[in-house]
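The block underneath contains the structure these notes are about, expressed in structure tokens.
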DNA sequence: TTGCTTTTCAAACATTTGTATGAAACTATC
DNA sequence: GATAGTTTCATACAAATGTTTGAAAAGCAA
């Protein structure tokens with residue numbers, strides 16, 4: 001058997017098992033059993049368990065990033081070098097949401113793996129995520145071009161909130177479904193993307209009116225602290 | 001030594017260690033060493049490691065929930081039985097954000113523990129979180145009273161997005177700080193709460209204009225799928 | 001004190017886990 | 001077809017970890 005066959009069998013089995021049962025419940029022995037390879041093969045081909053997980057996550061992350069930048073590029077070309085802020089935000093959150101939500105996506109191992117990675121956050125994945133910042137700078141730059149009037153602070157908050165809504169929707173989709181008693185349609189991916197984009201763009205326009213958000217009613221009573229429960 | 005002393009020594013030591021080093025890196029032996037008690041004491045007083053973690057998390061969750069409902073009650077009383085939608089959202093996200101962000105909060109063990117719990121999401125905590133839904137229904141009810149025109153779907157999405165922004169800001173504050181090169185002031189807790197509240201309320205007003213979000217440019221080109229990278 | 005319950009303690013248990021080893025099987029090149 | 005390099009395999013290793021045990025200690029009521 002060529003070496004690559006064992007390697008990819010391990011990758012596929014690991015991704016499937018991690019997606020189904022999470023990182024905490026899957027051991028190397030589970031993976032090699034699923035892949036029908038020897039236990040030592042993991043360390044031979046990947047060096048360690050953590051490096052296996054890292055490779056899985058990096059592969060999928062690169063895919064998502066490529067999709068995002070691709071969608072951004074398409075939007076910029078269509079706009080003659082300048083994409084609208086809506087399209088930029090859509091390029092940011094669209095790929096992730098499309099990948100992880102939707103009815104048929106239940107079968108997508110890659111998507112379910114990335115959801116797990118988002119929820120459980122094991123050390124090797126956390127390490128990678130912390131270096132993931134520079135890829136977002138490209139989106140910050142595009143946003144800056146699209147709304148030159150806005151200042152950087154507002155821009156970063158808008159970017160942050162967009163990712164907040166997208167990721168949290170993926171992470172907590174079960175809970176939202178339960179809370180809303182099915183009223184929130186988690187299968188309407190296009191609608192969800194519209195929602196997130198709309199709200200994100202609105203968030204960005206806060207900064208265009210004033211540098212400080214407008215609404216700030218007096219609510220902080222002196223006696224309302226963490227102590228008095 | 002009275003039995004309660006050992007019990008609370010374990011609780012305190014566990015919360016401190018988990019807050020500092022995370023759930024993955026702290027063993028029972030670390031905890032009992034920090035608490036100066038015997039290893040078997042944990043199982044004697046709590047039954048198991050998971051039940052210890054669960055007790056820690058439940059205690060802090062109850063605290064947060066009480067703060068939220070308290071703040072909601074204050075706002076409703078001030079408004080003569082009806083709180084404004086701004087104040088409701090503020091009561092929802094305020095306690096968590098105040099508890100977990102801010103400069104002096106660095107020393108608060110409870111806050112850092114809850115951040116860890118939000119990031120790492122170990123099984124006993126996940127189990128509890130999944131039952132945490134009914135507490136949010138009280139907020140949904142208050143929101144319904146505040147904006148009777150809005151339909152339930154929009155309401156739940158607004159609630160969900162508010163929590164998204166609050167939790168994600170806590171979870172990813174380091175990354176946001178790095179991405180924005182310090183431009184986003186994570187110590188200005190009041191400002192952050194204002195931001196989240198403002199955006200949440202705006203998100204809720206989407207539904208008052210129309211039942212579907214307005215912005216929906218044609219971006220989904222046929223060739224833009226998960227494959228073509 | 002006596003007797004009973006609760007709590008502490010040191011030690012051991014039982015598993016699980018990732019990793020390492022060294023020989024065997026396989027592959028490809030000469 | 002011999003040889004060198006690669007890959008597979010069964011097995012063992014070593015360490016960590018949550019849990020259990022049974023006796024000692026402490027607390028407390030009669």
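Protein chains in written order, with UniProt numbering: chain A, 1 to 229; chain B, 1 to 229.
Built from N, CA and C at the ideal position, the CB exists for glycine as well.
Since we're looking at a predicted model, the values are computed, not measured.
For the region 151-174 of chain A, the beta-carbon criterion of a distance under 8 Å to any beta-carbon of chain B is satisfied by 152, 153, 156, 157, 159, 160, 161, 163, 164, 165, 167, 168, 169, 172 and 174. By the criterion of at least three beta-carbon pairs nearer than 8 Å, the region 125-134 of chain A is in contact with the region 49-68 of chain A.
DSSP places residue 36(B) outside both helix and strand once states are collapsed to three, so it counts as coil.
Taking 9 Å as the cut-off, the beta carbon of residue 113(B) is found no closer than this to the beta carbon of residue 33(B).
Using a Cβ distance threshold of 9 Å, residue 162(B) and residue 197(B) count as a contacting pair. Following the DSSP letters along the chain, one finds residue 99(A) inside the alpha helix (DSSP H) bounded by residues 85-100. DSSP places residue 151(A) outside both helix and strand once states are collapsed to three, so it counts as coil.
Under the Cβ distance rule, residue 130(B) counts among the residues neighbouring chain A, one pair being separated by less than 9 Å. The continuous alpha helix (DSSP H) containing residue 50(A) extends over residues 49-78.
Within the same chain, Cβ atoms closer than 7 Å to the Cβ of residue 166(B) are found at 93, 96, 97 and 196, the five residues on either side in sequence being excluded.
Rounded to the nearest angstrom, the gap between the Cα atoms of residue 194(B) and residue 67(B) is 18 Å. Listed along chain B, no residue sits closer than 7 Å to residue 100(A) by beta-carbon distance, the nearest being about 11 Å off. Any Cβ of chain B closer than 9 Å to the Cβ of residue 49(A) would place that residue at the interface, and such an atom is absent. Close CB contacts of residue 53(A) within its chain, under the 8 Å cut and outside five residues either way in sequence, are with 14, 18, 23, 122, 124 and 125 (chain order).
Its chain contains 45 as the residues whose beta carbon lies nearer than 6 Å to that of residue 7(A), once the 5 sequence neighbours on both sides are disregarded; these appear in chain order. When secondary structure is reduced to three states using DSSP, residue 23(A) falls in the coil class, being assigned neither helix nor strand.
Contact check for residue 156(B) and residue 186(A): beta-carbon distance about 11 Å, past the 8 Å limit, so the pair fails to qualify. When DSSP states are grouped into helix, strand and coil, residue 181(B) belongs to the coil group. Looking at 135(A), 182(A) and 203(A), the one whose alpha-carbon comes closest to that of residue 192(B) is 203(A). If you ignore the 5 residues before and after residue 82(B), its C-beta comes within less than 7 Å of the C-beta of 76, 145 and 146, all in its own chain and listed in chain order.
In this model, residue 117(B) and residue 37(A) are separated by some 36 Å (Cα to Cα). Interface residue (Cβ-Cβ distance to chain B less than 9 Å): residue 24(A) is classified as such. Rounded to whole angstroms, the gap between the alpha carbons of residue 88(A) and residue 111(A) is 22 Å. Note on residue 169(A): 16 or more other CB atoms within 10 angstroms of its CB, so buried under the neighbour-count rule.
The residues 95, 96, 99 and 114, in chain order, have a CB closer than 8 Å to that of residue 64(A) in the same chain once the five nearest residues on each side in sequence are set aside. Around the beta carbon of residue 164(B), 16 or more other beta carbons sit within 10 angstroms, so the residue counts as buried. For residue 198(B), the nearest beta carbon of chain A is closer than 9 Å to its own beta carbon. When the beta-carbon positions are compared, residue 201(A) and residue 158(A) come within less than 9 Å of each other.
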